[in-house]
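**Q** Count the sequence shown with full-length UniProt numbering and you get residues 1 to 319, in order.
Beta carbons: idealized from backbone N, C-alpha and C, even for Gly.
Small disclaimer: the values here were computed from a predicted structure and weren't measured.
First the structure, which I've put down as structure tokens, then a few questions once you've had a look.
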Amino acid sequence: PITPPLPHYPLPFPPPLPPSLRRVQLLARRPIAFHQLDVTDGAALQELFSQHRFSAVVHFAGLKAVGESVQQPLEYYRVNLTGTIRLLEAMKAHGVKNIVFSSSATVYGDPKYLPLDENHPVGGCTNPYGKSKYFIEEMIRDLCKADKDWNAVLLRYFNPIGAHESGMIGEDPQGIPNNLMPYVAQVAVGRREFLSVFGNDYETIDGTGVRDYIHVVDLAQGHIAALKKLKENCGCKVYNLGTGTGYSVLQMVRAMEKASGREIKYKITGRREGDVASCYANPELAERELGWKAAFGLDKMCEDLWRWQRQNPTGFSKN
């Protein structure tokens with residue numbers, strides 16, 4: 001059995017890898033160095049940076065549920081903002097001045113026009129999660145202005161779904177999923193009875209919310225392209241990572257029914273606070289400047305998600 005990692009331990013003796021990273025190691029066919037730290041623990045981050053030499057940091061750590069952020073704003077600001085400040089301080093202290101930041105399309109707020117390009121106004125966010133991402137973008141922007149040695153690529157994700165095509169790694173939400181597709185997949189596999197659809201009175205094709213869903217492997221490729229961009233001493237750049245196509249909740253349910261061959265029951269309920277009606281990307285800038293474009297369509301996203309869920313009905317545990 002895997003013993004839970006301690007929050008602090010001598011860095012030369014890291015704890016056992018969690019099941020997800022053991023599988024990544026198998027797929028990558030190389031060992032992975034892993035240290036489990038609290039991103040808000042500045043001392044632990046400083047120690048980590050003193051033990052290893054990094055050329056760049058990809059910063060994913062943070063809380064990420066829109067609905068929860070409306071209920072727990074202080075916790076979202078504490079973790080996301082404090083964690084980023086501590087990380088940037090450690091990077092600065094150790095001369096690591098290249099960062100790729102995991103931002104979000106939520107920084108755009110309620111769209112003034114669609115599709116959303118990178119020049120769309122930001123900061124009119126409809127929830128604390130989006131605000132925390134916006135504040136971090138501004139923080140990194142100011143850092144790059146103050147010190148020209150810093151390079152940053154801010155990646156505004158749309159809605160990542162799918163899984164690795166091996167079926168070995170995928171999204172394993174703790175407790176009740178906050179995002180649509182993991183929930184839909186759990187209904188398809190029999191873990192949940194039905195999907196609650198938040199609102200069917202939006203001005204969209206069928207009244208349900210429209211989002212730009214992107215395959216998680218396409219998203220990963222976008223990060224590789226962003227790391228290459230940092231090598232050009234690019235300063236601070238921002239890019240949308242999306243497909244440019246929006247699908248409604250009910251269209252996603254039908255696509256997952258097709259992929260799984262199973263009926264997915266749903267019930268219409270009230271709108272969720274903090275949600276917007278439609279949100280999809282204009283991804284042309286990333287294609288032009290990063291040489292990156294989403295390669296996978298909706299069928300592939302759903303097929304890969306279903307393979308992962310079917311092979312791992314309870315996620316990484318008890319397989």
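If you pair each beta-carbon of the region 78–98 with each one of the region 291–303, do three or more pairs fall below 8 Å?
**A** No, the region 78–98 does not touch the region 291–303.
**Q** How would you call P177, buried or exposed, if buried means at least 16 neighbouring beta carbons within 10 angstroms?
**A** Numbered from its first residue, the sequence shown carries residue 177 at position 177. When all chains shown are included, P177 counts as buried.
**Q** In chain order, which alpha helix (DSSP H) runs of at least 4 residues are fully inside the region 204–272?
**A** Runs of the alpha helix (DSSP H) inside the region 204–272: 216–230, 249–260.
**Q** Could you tell me the alpha carbon to alpha carbon distance between I214 and L48, rounded to whole angstroms?
**A** By 1-based counting over the sequence shown, the position of residue 214 is 214. By 1-based counting over the sequence shown, the position of residue 48 is 48. Going from the Cα of I214 to the Cα of L48 covers about 33 Å.
**Q** Can you tell me whether DSSP reads P313 as helix, strand or coil?
**A** Translated into the one-based positions of the sequence shown, residue 313 becomes position 313. Reduced to three states, the DSSP call for P313 is coil.
**Q** What number of angstroms, rounded off, separates the C-alpha of Y280 from the C-alpha of V100?
**A** Position 280 of the sequence shown, counted from the start, is the residue given in the question as residue 280. Position 100 of the sequence shown, counted from the start, is the residue given in the question as residue 100. For Y280 and V100, the distance between alpha carbons rounds to 22 Å.
**Q** In the DSSP assignment, find the beta strand (DSSP E) that holds L81 and state where it starts and stops.
**A** Along the sequence shown, read from residue 1 onward, the residue named residue 81 stands at position 81. Counting along the chain, L81 falls outside any beta strand (DSSP E), and DSSP gives it neither H nor E.
**Q** Counting beta carbon pairs with one atom in the region 257–277 and one in the region 150–164, are three or more of them shorter than 8 Å?
**A** At 8 Å Cβ cutoff, the stretches do not touch.
**Q** Which same chain residues, not among the five before or five after W306, have their C-beta less than 8 Å away from its C-beta?
**A** Counting from 1 along the sequence shown, the entry for residue 306 is found at position 306. Result list for W306: A185, A188, M256, A259, S260, in chain order.
**Q** Identify, in the order they occur along the chain, each residue of the same chain with its Cβ nearer than 7 Å to the Cβ of V24, setting aside the five sequence neighbours on each side.
**A** Residue numbering aside, residue 24 sits at position 24 when the sequence shown is read from its first letter. Same-chain partners within the cutoff: I32, I169.
**Q** May I have the straight-line CA-CA distance separating R310 from R191, to the nearest angstrom?
**A** Within the sequence shown, the letter at position 310 stands for residue 310. Within the sequence shown, the letter at position 191 stands for residue 191. Distance between the alpha carbons of R310 and R191 is about 11 Å.
**Q** Exposed or buried, Y113, counting other C-beta atoms within 10 Å across all chains shown (16 or more means buried)?
**A** For the purposes of this step, residue 113 is taken as the residue at position 113 of the sequence shown. That one is exposed.
**Q** Judging by CA-CA distance, which residue of G207, L155, V253, S69 is the nearest neighbour of Q221?
**A** Here residue 221 is taken as the residue at index 221 of the sequence shown, counted from 1. It is L155 whose Cα lies nearest to the Cα of Q221.
**Q** In terms of residue numbering, what span does the alpha helix (DSSP H) encompassing R141 cover?
**A** Locating residue 141 in the sequence shown gives position 141, where the first residue counts as 1. First-last of the alpha helix (DSSP H) with R141: 128–146.
**Q** Excluding the 5 residues flanking L285 on each side, which residues of the same chain have their C-beta closer than 8 Å to its C-beta?
**A** The residue given as residue 285 occupies position 285 in the sequence shown. Hits under 8 Å: D117, E118, Y239, N240.
**Q** So, G162 versus G130, is the Cβ gap smaller than 8 Å?
**A** Taking the sequence shown and counting its residues from 1, one reaches residue 162 at position 162. Taking the sequence shown and counting its residues from 1, one reaches residue 130 at position 130. No. Outside cutoff.
**Q** Can you give me the start and stop residues for the beta strand (DSSP E) that S104 sits inside?
**A** Here residue 104 refers to the residue found at position 104 when the sequence shown is read from its first residue. Start and end: 98–104.
**Q** Under the three-state reduction of DSSP, which class applies to F54: helix, strand or coil?
**A** To locate residue 54, count along the sequence shown from 1; it is residue 54. Coil.
**Q** Ordered along the chain, which non-local residues of its own chain (more than five positions away) have a Cβ less than 8 Å from that of R78?
**A** Against the sequence shown, residue 78 aligns to sequence position 78. Here the set comprises T40.
**Q** Opposite S69 in the DSSP bridges: which residues?
**A** Residue 69 sits at position 69 when you count from the first residue of the sequence shown. According to DSSP, which records beta bridges pairwise, S69 is partnered with nothing at all.
**Q** Is it the case that the region 59–73 contacts the region 124–142, given that we only count it when at least three CB pairs across the two stretches are under 8 Å?
**A** Segments in contact, yes.
**Q** How big is the Cα-Cα spacing for G207 and A105?
**A** In the sequence shown, counting from the first residue as 1, residue 207 sits at position 207. In the sequence shown, counting from the first residue as 1, residue 105 sits at position 105. Going from the Cα of G207 to the Cα of A105 covers about 21 Å.
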